[in-house]
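Numbering (this note's numbering), first residue to last: 719 to 1033. Here a beta-carbon is modelled for each residue, glycine too, at the ideal position from N, C-alpha and C. Notes to accompany the following structure.
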């Protein structure tokens, strides 16, 4: 049975389960659909049940993405509309324990490095750039300004190769980067016929990534030969806002869309299930690393849900 969490008066933008504890979920949101007003970071827990709010940090601007540290189960980072990245420690509810400043426009995505060999943050913003940060020194390590659109929507680390990541933007492209090379942009793929809003990297297949865009399509790519997508999934009625590979099954993923829905798919682009419990744009979706088949999502309708789609229990 689905659990509903109210985020009102904030509109939900992103959710992420803790990599340390599957009973802990972080959510960020903004007032007034992110146009004006404040933002919030909320952490929910069901340890012990039921799900309830255990931490709340208001912020002066909207917060649009959140990521957990892979090194400390109390530390998160959140990206704000003022271009700052907030470093938050759940043991300190007085405010951020640090801020990373360098972006000059709204943060669209933040991600902690998934490799235990490095502790870096990756960010994408509406200032045309992707940045890599050292959260310990709170300094920017590298800037990647090669996208030709100001709107860089997502940047995702490779779970296989340290220093490698992909990004997508309003210039319709998917880009592959190696931060360790003198010329870091390794590949530019004309991925969609419109803005590309989201991407993810398969946890099982080293060269397989997925993108989603305003054209309502989800495309699967093999980076060894990205002249054309491996396959294309269609079904969403509006822009695809987020896609996530299933960490427990190499053949499934989830997506969410401006059509108010969350959908599940096979990696061969076969639709499995449509979940329609929201009444506004569905912005964020995540899968639990500890409890197979468990999904969290959030929407502009002021609610978040935690549930287990039937299609992910059988695939």
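In the structure shown, residue 945 adopts coil according to DSSP, grouped into three states.
Burial is judged here by how many other beta carbons sit within 10 angstroms of a residue's own beta carbon; residue 751 has fewer than 16 and is exposed.
The DSSP assignment places complete beta strand (DSSP E) segments of no fewer than 3 residues inside the segment 847 to 935 at 848 to 852, 857 to 862, 870 to 875, 882 to 887, 891 to 896, 903 to 908, 914 to 919 and 926 to 931, in order along the chain. If you draw a straight line from the Cα of residue 901 to the Cα of residue 894, it is about 11 Å long. Per the DSSP secondary-structure output, residue 786 pairs in a beta bridge with 794.
Taking 3 residues as the shortest admissible run, the segment 729 to 788 contains the following complete beta strand (DSSP E) segments, listed from N- to C-terminal end: 729 to 735, 742 to 748, 757 to 763, 770 to 777 and 781 to 786. Using a Cβ-Cβ distance cut-off of 8 Å, the segment 793 to 812 and the segment 1000 to 1018 are not in contact, since fewer than three pairs of beta carbons, one from each stretch, lie closer than that value. Counting only the Cα atoms, residue 818 lies some 10 Å from residue 841. Membership of residue 825 in the beta strand (DSSP E) is indicated by the continuous run 825 to 830. Bounds of the alpha helix (DSSP H) holding residue 1030 are 1029 to 1032.
Counting only residues of its own chain and dropping the five nearest sequence neighbours on each side, residue 867 has a CB closer than 6 Å to the CB of 887, 888 and 889. A Cβ-Cβ distance of about 5 Å is found for the pair residue 874 and residue 919, placing them in contact under the 8 Å criterion.
Going by C-alpha positions, residue 981 is about 6 Å away from residue 993. Counting the other Cβ atoms within 10 Å of the Cβ of residue 942 gives fewer than 16, which makes it exposed.
For residue 1023, the uninterrupted beta strand (DSSP E) segment begins and ends at 1021 to 1025. Here residue 973 carries a strand assignment [DSSP, helix/strand/coil]. Across the structure, residue 836 and residue 861 are spaced so that their CA atoms are roughly 18 Å apart. Spatial neighbours of residue 896 in its own chain (CB-CB distance under 7 Å, excluding positions within 5 residues in sequence) are listed in chain order as 881, 882, 902 and 904.
By the C-beta density criterion, residue 911 is exposed, having fewer than 16 other C-beta atoms within 10 angstroms.
For the pair residue 972 and residue 1003, the CB atoms are nearer than the 7 Å cut-off. Assignment of residue 810 by DSSP, reduced to helix, strand and coil, places it in the coil class.
Contact between residue 1021 and residue 775 fails: their C-beta atoms lie close to 20 Å from each other, not under 8 Å.
The beta-carbon distance between residue 757 and residue 777, rounded to whole angstroms, is 4 Å. This is short enough to meet the 8 Å contact definition. Comparing C-alpha distances from residue 879 to each of 809, 1032 and 899 shows the shortest one belongs to 899. Closest in C-alpha terms to residue 822, from the list 812, 848, 807 and 986, comes 848.
The beta carbons of residue 929 and residue 914 sit closer together than 7 Å.
Classified as buried, residue 853 has 16 or more neighbouring CB atoms from the shown chains inside 10 Å of its CB.
Scanning 863, 856 and 917 for the CA closest to the CA of residue 939 turns up 917. The three-state secondary structure of residue 801, taken from DSSP, is coil. In this structure, DSSP gives residue 991 an extended state, which the three-state scheme calls strand. Ranked by Cα distance from residue 954, the options 963, 969, 1000 and 945 are led by 1000. Looking at the backbone, the Cα of residue 802 and that of residue 780 are separated by about 11 Å.
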